[in-house]
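Q: Okay, here's the structure, questions in a sec.
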Amino acid sequence: MVTVQAAGFTDIGKVRKANEDSYLLDESIGLYLVADGMGGHRGGGVASRIAVETIGTSMASSLDESADDNNGLAVTPSDRLLQSIQLANWKIHEQSTTDEACRGMGTTVSALYFVDDCMITANVGDSPIYLLRNGEIEDLYIPHTLLHEYKKIPKSLEKRFSGAKLAHILTRAVGIRAEVKVDVAQTVCFADDIIVICSDGLSGKLSREEVRDLVYQNDVDAACKMLTELALRRGGEDNITVIVVRVSTVNSSPDQGLLKRIAGIPAWIASLFRNRHLG
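Residue numbers for the sequence shown follow UniProt numbering, so the first one is 1 and each next one is one higher.
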């Protein structure tokens, strides 16, 4: 088991008329979520709220249920998180098809879930999950953007493409379609690990190194507020949401290593997958 200190903060920003971000901190079950909604007349905020409420409720209730499914097969914590996100996807998609004001709505979802001496991360969309360890910062998510998923564009066009709006077009979001693919990873925990989850209203204004430095220099509450304030000073055109989780203690000493599994894939295959998509 791990013990953590956690804080979260959200701000509407300086331009938007509504905050379409939602977040959840549930320390009782070790679950932390950021959802960045979009689409529809009022749908973005609705989608992100449905996501965090559905995933939070589903994960909490799953802990009270049998560890076996109807077929007698073991249901892993990764499975539970994946199923909860799929349930949120179904609910959002269902409402978007029946409520004209919500038509076309969807949301990113980035989740952190602690189990024993490990953390499970899952994401759909481009809301970052960062791991700060030993003074370094690494990605624990796969950005589902047009730019990222078309890395084979010619080098001569790379600068032009990365500066275009296409770089921010999502290739996956929760609720847009009847089904959604979720990227899930399992990571061993160490004392003093710090995990940052945020919306692109923050990551679009600060470099990863700036995030790392501010978080290391402050406690979790102050870090959330200072990161948000810096994003606001740099324009604040989008909603801004951030969660900072610091691992205080880990009761066991897991083997050194980063990703153990991605969506149930063995570690050596996962490493190839991660290198392909993140490197």
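Heads up, the beta-carbon is just placed ideally off N, CA and C, and yes, glycines get one too. Every value quoted in this text rests on a predicted model; they were computed, and no experiment measured them.
1. Which whole-angstrom value is the C-beta distance of His144 and Gly175, which I expect to be below 8 Å?
2. Straight-line CA distance for Lys91 to Thr97?
3. Measuring only between beta-carbons, confirm whether Val196 sits less than 9 Å from chain C.
4. Where Leu25 and Val34 are concerned, what is the direct C-alpha to C-alpha distance, given to the nearest angstrom?
5. Can you name, in chain order, every residue of its own chain whose Cβ lies under 6 Å from the Cβ of residue 281, other than the five neighbours on each side?
6. Which residue from Gln186, Met226, Tyr216 and Tyr113 puts its Cα closest to that of Leu133?
7. Going by DSSP in three states, Ala222 sits in which element: helix, strand or coil?
8. Taking the alpha carbon of Leu230 as the point to measure from, which residue in Gly201, Gly39 and Ser61 has its own alpha carbon closest?
9. I need the boundaries of the alpha helix (DSSP H) containing Asn89, first residue and last residue.
10. What residue does the alpha helix (DSSP H) around Asp44 start on, and which one ends it?
11. So is His93 buried or exposed if we call it buried at 16+ other beta carbons inside 10 Å?
12. What whole-angstrom Cβ distance do Gly8 and Val242 have, given they're in contact under 8 Å?
13. What does DSSP give as the partner residues of Gly106 in its beta bridges?
14. Could you give the DSSP three-state label for Ser203: helix, strand or coil?
15. With a cut-off of 8 Å on the beta carbons, I'd call Leu170 and Gly13 a contact; round off their distance for me.
16. Going by beta carbon distance, what residues of the same chain come within less than 6 Å of Gly37, once the five residues before and after it are set aside?
17. Of all the options Leu87, Thr3, Val75 and Asp64, which has the alpha carbon lying nearest to the alpha carbon of Val180?
18. Give the straight-line distance between the Cα atoms of Arg16 and Asn239, rounded to the nearest whole angstrom.
19. By the three-class DSSP mapping on this structure, what secondary structure does Asp213 have?
20. Are Val109 and Pro77 closer than 9 Å when you measure CB to CB?
21. For Arg133, does the three-state DSSP call read helix, strand or coil?
22. Restricting to Cα atoms, I'd like to know which of Gly135, Leu131, Arg172 and Glu138 is closest to His148.
23. Excluding the 5 residues preceding and the 5 following Leu206 in the sequence, name in chain order all residues of the same chain whose CB lies nearer than 7 Å to its CB.
24. Helix, strand or coil: which one does DSSP assign to Leu170?
25. Alpha carbon to alpha carbon, how far is Asp119 from Asp192?
26. Could you give the first and the last residue of the continuous beta strand (DSSP E) run that contains Leu25?
A: Put simply:
1. Between Gly175 and His144 the Cβ distance is about 14 Å, and since that is not below 8 Å, they are no contact.
2. 10 Å
3. Reference to chain C is not applicable here, since this structure consists of a single protein chain.
4. 9 Å
5. Since the first and last residues shown for the chain are 1 and 279, residue 281 lies out of range.
6. It is Arg, not Leu, that sits at residue 133 in the sequence shown. Of Gln186, Met226, Tyr216 and Tyr113, the residue nearest in Cα terms is Tyr216.
7. helix
8. Gly201
9. Pro77 to Thr98
10. Looking at the sequence itself, residue 44 is Gly, so the reference to Asp does not match. Unbroken alpha helix (DSSP H) run through Gly44: Gly43 to Ser62.
11. buried
12. 7 Å
13. Met38
14. helix
15. About 19 Å separates the two Cβ atoms, so there is no contact after all.
16. Glu20, Gly44, Gly45, Ala47, Ser48 and Thr107
17. Leu87
18. 7 Å
19. helix
20. no
21. strand
22. Arg172
23. Leu227, Leu230 and Ala231
24. strand
25. Correcting the residue identity first, residue 119 is Met in this sequence and not Asp. Taking the straight line from one Cα to the other gives about 13 Å.
26. Asp21 to Asp26
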